[in-house]
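Chemist: Just dropping this structure here.
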Amino acid sequence: MLKITLIVFALLSHITLCAQQLTNMKVTQEVDKVIITYDINTDKVGQTFDIKVECSSDNGKTFLILPQNLSGDLNEVKAGSAKRIVWDVLNERQELIGDEFVFQLIISDINSGTFTDTRDLHVYKWTKIGRQVWMAENLAFKTNNYSWAYNNDESYVIYYGRLYDWETARNVCPIGWHLPSETEWTTLITFLGGESVAGNLLKKISTSQGNTSKDGRENNISFNALLGGYRFDGSSKFYNVGTIGYWWTSSTIDLNQAWYRYLNYSNTDVNRYFSFKKRGFSVRCIRD
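Residues 1291 to 1578 (this note's numbering) are what the sequence shown spells out, left to right.
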């Protein structure tokens, strides 16, 4: 076996986020393998990161060595200590001899971003929670029929999005997105700790329309569930903006009723019930 002389001169870190997120980095050599350990800290529930490894042979002036034969904590890494990356050097290189090797870890947040709805060029935020990617705001696309601004007042749309009947809701999401099923909502809620606690993580305080603190506690997962109320079926009456939010699921009870999820500003629960499909509820899309 080829002997590898690897003297680690220093360990640098290039961090694309907060410096406190990547700590306690160490590099050691075990026979013909390089071992990198590190800790990740974050205050966002369910946040994950991708880690990239780069190596310099000129004391950190350039990082031209990009290790490929890597294993360990590299993709979708959650917060925690003693993360470990192994570089199997001999399976990649015939030799690696030097006395001034510097390793660099690049950390990237893969949990949020924006996209543009090509139908009306509206830009939406999205957030990744667990393995799901959700829109981080309510849908605001205006259809020809069966979509409403709360109280028929367009000023509400910028905060709460629009309300849709169920038939419209199941087809209104942008390309690449869809109306989540009851099962997909359950996956989200289970990941956040269950129905009795997830509500406070999903809700966000609103300062719109005079509702300075009715929409629950400030959260740290960027789901931003503002409580947009609903439109009563068969009339133009609207109720509960700022106090209760209702979101359609794609799951049905029968020809006339479908499941929905709702949040109340006064408690921590994520509630589940069913309603007539003609009522106007909010839509929160999930990525295909």
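Ideal placement from N, C-alpha and C gives every residue a C-beta, glycine not left out.
#1: Would you mind stating whether tryptophan 1537 and tyrosine 1555 have Cβ atoms separated by less than 9 Å?
#2: Straight-line CA distance for glutamate 1382 to valine 1573?
#3: Give the C-beta separation of leucine 1453 and phenylalanine 1571 to the nearest angstrom, bearing in mind that I take them to be a contact with Cβ-Cβ under 8 Å.
#4: State the DSSP-derived secondary structure class of valine 1392, mapped to helix, strand or coil.
#5: Could you check the C-alpha separation between leucine 1429 and cysteine 1575 for me, to the nearest Å?
#6: Looking at the secondary structure, which residues open and close the beta strand (DSSP E) in which glutamate 1344 lies?
#7: How should valine 1487 be labelled, buried or exposed, when 16 other C-beta atoms within 10 angstroms of its C-beta is the threshold for buried?
#8: Taking C-alpha atoms, which residue in Lys1368, Met1425, Trp1377, Phe1405 lies nearest to isoleucine 1397?
#9: Would you call the CB atoms of lysine 1493 and leucine 1478 closer than 9 Å?
#10: In terms of DSSP beta bridges, what is threonine 1318 paired with?
#11: Give the single residue among Ile1543, Asp1340, Arg1569 whose Cα lies nearest to the Cα of phenylalanine 1522.
#12: Does the beta-carbon of lysine 1504 have 16 or more other beta-carbons within 10 angstroms, so that it is buried, or is it exposed?
#13: Have a look at cysteine 1463 and aspartate 1407 and give me their C-alpha separation to the nearest angstrom.
#14: Taking the alpha-carbon of phenylalanine 1481 as reference, which of Leu1360, Val1560, Lys1432 has the nearest alpha-carbon?
#15: Out of Ile1448, Glu1474, Thr1473, Glu1457, state which residue places its alpha-carbon closest to the alpha-carbon of asparagine 1435.
#16: Cα-Cα, which of Thr1542, Tyr1450, Asn1490, Asn1441 is closest to serine 1525?
#17: Can you list, in chain order, the residues of its chain with a C-beta nearer than 6 Å to that of tryptophan 1467? Leave out the 5 residues immediately preceding and following it.
#18: Quick one: what does DSSP say threonine 1502 is sitting in, helix, strand or coil?
Modeler: The short version:
#1: Counting from one through the sequence shown, the residue named residue 1537 turns up at place 247. Counting from one through the sequence shown, the residue named residue 1555 turns up at place 265. No. Outside cutoff.
#2: Position 92 of the sequence shown, counting from 1, holds the residue named residue 1382. Position 283 of the sequence shown, counting from 1, holds the residue named residue 1573. Cα to Cα, the separation comes out at about 49 Å.
#3: By one-based count along the sequence shown, residue 1453 stands at place 163. By one-based count along the sequence shown, residue 1571 stands at place 281. So it is a contact: roughly 6 Å between Cβ atoms.
#4: Counting from one through the sequence shown, the residue named residue 1392 turns up at place 102. Reduced to three states, the DSSP call for valine 1392 is strand.
#5: As a working mapping, residue 1429 is identified with position 139 in the sequence shown. As a working mapping, residue 1575 is identified with position 285 in the sequence shown. The alpha-carbon atoms of leucine 1429 and cysteine 1575 are separated by roughly 7 Å.
#6: Against the sequence shown, residue 1344 aligns to sequence position 54. Looking at the DSSP string, the run of the beta strand (DSSP E) that includes glutamate 1344 is 1338-1346.
#7: Counting from one through the sequence shown, the residue named residue 1487 turns up at place 197. Under this definition valine 1487 is an exposed residue.
#8: Taking the first residue of the sequence shown as position 1, residue 1397 is located at position 107. Looking at the Cα atoms, Lys1368 is the closest of the given residues.
#9: For this step, residue 1493 is matched to residue 203 along the sequence shown. For this step, residue 1478 is matched to residue 188 along the sequence shown. Contact: no.
#10: Residue 1318 sits at position 28 when you count from the first residue of the sequence shown. Beta-bridge pairing links threonine 1318 to Ile1325.
#11: Taking the sequence shown and counting its residues from 1, the one referred to as residue 1522 is at position 232. Taking only the C-alpha atoms, the option nearest phenylalanine 1522 is Arg1569.
#12: Here the question's residue 1504 lines up with position 214 in the sequence shown. In this prediction, lysine 1504 scores a pLDDT of 37, lower than 50, which makes its location untrustworthy; no coordinate-derived value is stated.
#13: Residue 1463 sits at position 173 when you count from the first residue of the sequence shown. Residue 1407 sits at position 117 when you count from the first residue of the sequence shown. For cysteine 1463 and aspartate 1407, the distance between alpha carbons rounds to 9 Å.
#14: Position 191 of the sequence shown, counted from the start, is the residue given in the question as residue 1481. Among Leu1360, Val1560, Lys1432, the Cα nearest to that of phenylalanine 1481 belongs to Val1560.
#15: Numbered from 1 along the sequence shown, position 145 holds the residue referred to as residue 1435. Of Ile1448, Glu1474, Thr1473, Glu1457, the residue nearest in Cα terms is Glu1457.
#16: Indexing the sequence shown from 1 puts residue 1525 at position 235. When only C-alpha atoms are compared, the closest one is Asn1441.
#17: Position 177 of the sequence shown, counting from 1, holds the residue named residue 1467. These residues qualify, in order along the chain: Cys1575, Arg1577.
#18: Position 212 of the sequence shown, counted from the start, is the residue given in the question as residue 1502. A caution first: threonine 1502 carries a pLDDT of 35, below 50, which makes its placement in the model unreliable, though a value can still be read off. In this structure, threonine 1502 counts as coil in the three-state DSSP scheme.
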